[in-house]
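> Below is the structure I would like to discuss, written out as structure tokens.
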Amino acid sequence: MDLGEFSASVIRERLERNGLILRIGPFSFRLISEIRSVADGLIVLYPDYEVLDESHFVDYTVTIAPGRGIRRWVGKQAIFKFDGAEPFIPLPTDHAFPLLEWSMNWCISMHAHHYLLLHSAVIEREGCAVIMPAPPGSGKSTLCAGLVHRGWRLLSDELALISLTDTSITPLGRPISLKNQSIDVIKEYVPGAIFNRVTHDTSKGSVTHLKVPSEQFRRIRESAQARWVIFPKYVAGSSAQLSARSKAKSMLELGRNSFNYMVLGRQGFEALSRVVDASDCYDFQYSQLDDAVAVFDGLVARRHQ
């Protein structure tokens with residue numbers, strides 16, 4: 011059964027007791043929390059994710075717990091707990107749902123070394139994937155959100171899961187994280203989009219998450235092949251422009267954007283080399299989402315010429 015088939019009361023009860031086990035991409039997460047906003051966020055953003063029973067193997071157990079002592083009642087805090095450790099500093103309780111999302115990112119990036127992991131968005135069309143690595147403030151997530159609601163399939167907003175044996179990329183399919191001005195941009199661009207409530211005053215400013223379109227979950231286990239590596243950058247007032255980028259320069263930058271390139275050693279080098287060899291590499295600047303969509307759609311159209 012999917013999470014959306016359960017009542018809100020059952021979801022909250024499971025979260026508070028033994029936890030709720032969700033299949034998220036290729037991973038299974040046991041999520042535990044008695045903080046109401048965690049349940050509320052899951053109900054809004056994760057209704058299409060499969061709920062697994064207690065017999066299923068769990069990759070990661072993530073607990074978002076209330077603060078200890080007086081911090082449970084005054085200046086309330088939320089704490090991420092994992093295998094008896096607390097990897098992050100406590101955050102205000104209002105930040106509990108973003109903390110859950112960041113905690114899941116941490117679990118994957120620190121432990122899933124059977125993939126080459128890149129800090130990158132990945133989208134797909136006709137079986138071909140675009141890898142979009144970029145630093146904060148580049149407009150990557152805004153661009154990703156716009157494309158996903160204009161015919162592209164989301165594989166991931168934050169983490170590219172790249173095979174160590176070929177150029178395939180496994181979908182993760184989690185909600186898209188949006189910050190600050192990007193929130194209003196996407197609300198205007200995609201009027202029917204579903205968002206969690208906005209959390210203010212985080213370390214990243216105001217943040218929210220955008221639900222993945224339900225129809226995309228029919229293909230959640232369908233991988234895609236790396237075909238393009240595009241480094242996006244939002245530049246106010248600019249036209250949408252693709253500029254060819256050398257494969258050598260692209261590989262160096264991708265290595266810097268990897269969570270485990272050095273951990274994997276030669277295996278990581280060979281995996282990244284395969285991806286770059288198979289991909290056309292570009293820098294891309296844009297200011298208007300419609301123009302950006304036209305450029306990306308043009309990449310696919312040229313494959314048929």
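This note's numbering applies: residue 11 is where the sequence shown begins, and numbers increase by one.
Quick reminder that beta carbons are idealized off the backbone N, C-alpha and C, glycines included.
As the structure is a prediction and not an experimental result, all values here were calculated from the model.
1) Quick check on the burial criterion: 16 or more other C-beta atoms within 10 angstroms. Buried or exposed for P262?
2) Determine the DSSP secondary structure at Q295, reduced to helix, strand or coil.
3) Does the count of Cβ pairs from the stretch 240-247 and the stretch 149-168 closer than 8 Å reach three?
4) Using CA atoms only, rank isn't needed, just tell me which of L41, C117, F294 is closest to A250.
5) Checking 8 Å against the spacing of the C-beta atoms, do I230 and G183 come in under that value?
6) Suppose the cutoff is 7 Å on Cβ atoms and the five residues either side in sequence are ignored; what does the same chain contact list for H66 look like?
7) Quick one: give me the first and last residue of the alpha helix (DSSP H) that W116 is part of.
8) What is the rounded straight-line gap between the Cα of I42 and the Cα of V208?
9) Sorted by chain position, which residues of the same chain lie with C-beta nearer than 7 Å to Y59's C-beta, five sequence neighbours on each side aside?
10) Considering D12, what are the terminal residues of the beta strand (DSSP E) in which it resides?
11) Would a C-beta distance cut-off of 8 Å place S187 and V217 closer than the cut-off?
12) What are the start and end residues of each continuous alpha helix (DSSP H) run of 4 or more residues lying completely inside the stretch 16-98, in chain order?
13) Looking at I74 and S130, is the spacing between their C-beta atoms short of 8 Å?
14) Quick one, which of L309, H123, K257 has its alpha-carbon nearest T175's?
15) For S213, which three-state DSSP category applies?
16) With DSSP run on the structure shown, which of helix, strand or coil describes E263?
17) Under the three-state reduction of DSSP, which class applies to S233: helix, strand or coil?
18) To the nearest whole angstrom, what separates the beta carbons of C154 and I179, a pair I think is in contact under 8 Å?
19) Select from V200, P76, P181 the residue whose C-alpha is nearest the C-alpha of R160.
20) With distances taken between CB atoms, is the gap from A302 to G156 smaller than 8 Å?
21) Return the chain-ordered list of same chain residues with a C-beta closer than 6 Å to the C-beta of G278, the five sequence neighbours on each side being excluded.
22) In this structure, how does DSSP classify I196 when only helix, strand and coil are distinguished?
23) Starting from E136, follow the alpha helix (DSSP H) in both directions and report where the run begins and ends.
24) Whole angstroms are fine: how far does the CA of R266 sit from the CA of A236?
25) Here's a check: name, in chain order, each residue in its chain whose Cβ is nearer than 8 Å to the Cβ of W238, leaving out the five neighbours to either side.
Working from what's here:
1) Just to set this straight, residue 262 is Leu in the shown sequence, not Pro. L262 is exposed by the Cβ-count criterion.
2) strand
3) yes
4) Cα-wise, what sits closest to A250 is F294.
5) Yes, they are a contact pair.
6) I31, S38
7) 106-121
8) Going by the C-alpha atoms only, they are around 22 Å apart.
9) D12, L13, L32, R33, I34
10) Unbroken run through D12: none, as it is neither H nor E.
11) yes
12) 18-26, 46-55
13) no
14) T175 has its Cα closest to that of H123, out of L309, H123, K257.
15) coil
16) helix
17) coil
18) Incorrect: roughly 14 Å between the Cβ atoms, too far for contact.
19) V200
20) Cβ atoms of A302 and G156: closer than 8 Å.
21) So the list reads L126, Y271, once near-sequence residues are dropped.
22) helix
23) Where E136 is concerned, there is no enclosing alpha helix (DSSP H), given that its DSSP letter is neither H nor E.
24) 18 Å
25) Closer than 8 Å at the Cβ level, and outside the excluded window around W238, lie C138, A139, V140, I141, S289, D290, C291, Y292, L309.
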